[in-house]
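S.K.: Just dropping this structure here.
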Amino acid sequence: MRTRAALVAAARQVFESDGFVDARISDITRTAGVASGSFYTHFDNKEEIFSEVVAQVRDEMLHPHVRARGGSADPRDWIAAANREYLRAYRRNARLMAALEQVSRVDQQFAALRAERASAFIDRNAALIRDLQQRGLVTPRLDARVTALALSSMVSRMASLVFVEGEKIGFDTLLETLNWIWFNALQLPEQP
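Under the UniProt record's numbering, the first residue of the sequence shown carries the number 1, and numbering increases by one thereafter.
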């Protein structure tokens, strides 16, 4: 199991530095410090190990327990914490996110993986919006899933613009702006 973990960690480094297209299995095994044949004991091909790396990153980025960890009863705090954690994770994983974007444009399997990753965030956010609607804090006129799709897409695209494409926006400005757009879109009242 240590060899598999070493291969996944090495693959992550190689994909971050070289992107998916230019990454080679020999680079992964060399970085892991294992024989080339060891790769095929655990993975069939480069696509399979990339899928595992992407799944690992997705799990890091999803943060399903942000509300529980925060301790606040204010939904604005939950949203701000979730956005902050997402942006931090995206910034940490920007090169892998760029590699996923690159490969998802030419490979249907990775396009589906990317869509699945996005769907996990949208589902989480839709559940939050529905919860806020049931508590009377957000208008029921909003379709929770469509609203979550719009707001999640905004955050994800802005993260890509800043952390992958190099748009010059400071982290705090980015976070504060995205939070205010979320709060205003939901017409979330400030808590006393």
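Backbone N, C-alpha and C fix where the C-beta goes; we use that ideal spot for every residue, glycine too.
My output table needs one value for I169: the three-state DSSP class, helix, strand or coil.
M.R.: Three-state result, I169: coil.
S.K.: Could you compute how far the alpha carbon of M1 sits from the alpha carbon of N125?
M.R.: 35 Å
S.K.: Spatial neighbours of V21 within its chain, please: CB distance less than 8 Å, with the 5 preceding and 5 following residues excluded, ordered by chain position.
M.R.: Same-chain partners within the cutoff: Q102, V103.
S.K.: Could you say which of F163, V164, E165, M158 lies nearest to residue 225 if we only look at CA atoms?
M.R.: This structure leaves residue 225 out entirely; the chain is present only between 1 and 192.
S.K.: Enumerate in chain order the residues of its own chain whose CB-to-CB distance from R76 is below 8 Å, with the five nearest sequence positions on each side excluded.
M.R.: For R76, where only same-chain residues beyond five positions count, the Cβ hits under 8 Å are N179, F183, L188, E190, Q191.
S.K.: Do T31 and S38 have their CB atoms nearer than 8 Å?
M.R.: Cβ distance not < 8 Å, so T31 and S38 don't count as in contact.
S.K.: Report yes or no: do the segment 161–168 and the segment 142–153 share at least 3 C-beta pairs separated by less than 8 Å?
M.R.: Fewer than three Cβ pairs drawn from the segment 161–168 and the segment 142–153 lie within less than 8 Å of each other, which leaves the two stretches out of contact.
S.K.: Comparing alpha-carbon positions, which option in V106, A185, V155 lies nearest residue 248?
M.R.: Here the chain covers residues 1 to 192 and nothing more, so residue 248 does not appear.
S.K.: Anyone know if the C-beta pair for A89 and E47 falls short of 8 Å?
M.R.: no
S.K.: Which class does G33 belong to by DSSP, given the choice of helix, strand or coil?
M.R.: coil
S.K.: Less than 8 Å between the C-beta atoms of I122 and L100, yes or no?
M.R.: no
S.K.: What does the Cβ neighbour count give for R58, buried or exposed, with the cut at 16 atoms within 10 Å?
M.R.: So R58 ends up on the buried side.
S.K.: How would you call I43, buried or exposed, if buried means at least 16 neighbouring beta carbons within 10 angstroms?
M.R.: For clarity, residue 43 is Phe in the given sequence; the question names Ile instead. Counting Cβ neighbours within 10 Å, F43 comes out buried, since at least 16 surround it.
S.K.: Among S72, A55, S26, which residue has its Cα nearest to the Cα of L113?
M.R.: A55
S.K.: Judging by CA-CA distance, which residue of T3, V53, G19, S17 is the nearest neighbour of Y40?
M.R.: T3
S.K.: Excluding the 5 residues preceding and the 5 following R92 in the sequence, name in chain order all residues of the same chain whose CB lies nearer than 6 Å to its CB.
M.R.: none
S.K.: Taking the continuous alpha helix (DSSP H) assigned at D44, which residues delimit it?
M.R.: Per DSSP, D44 belongs to no alpha helix (DSSP H) and is neither H nor E.
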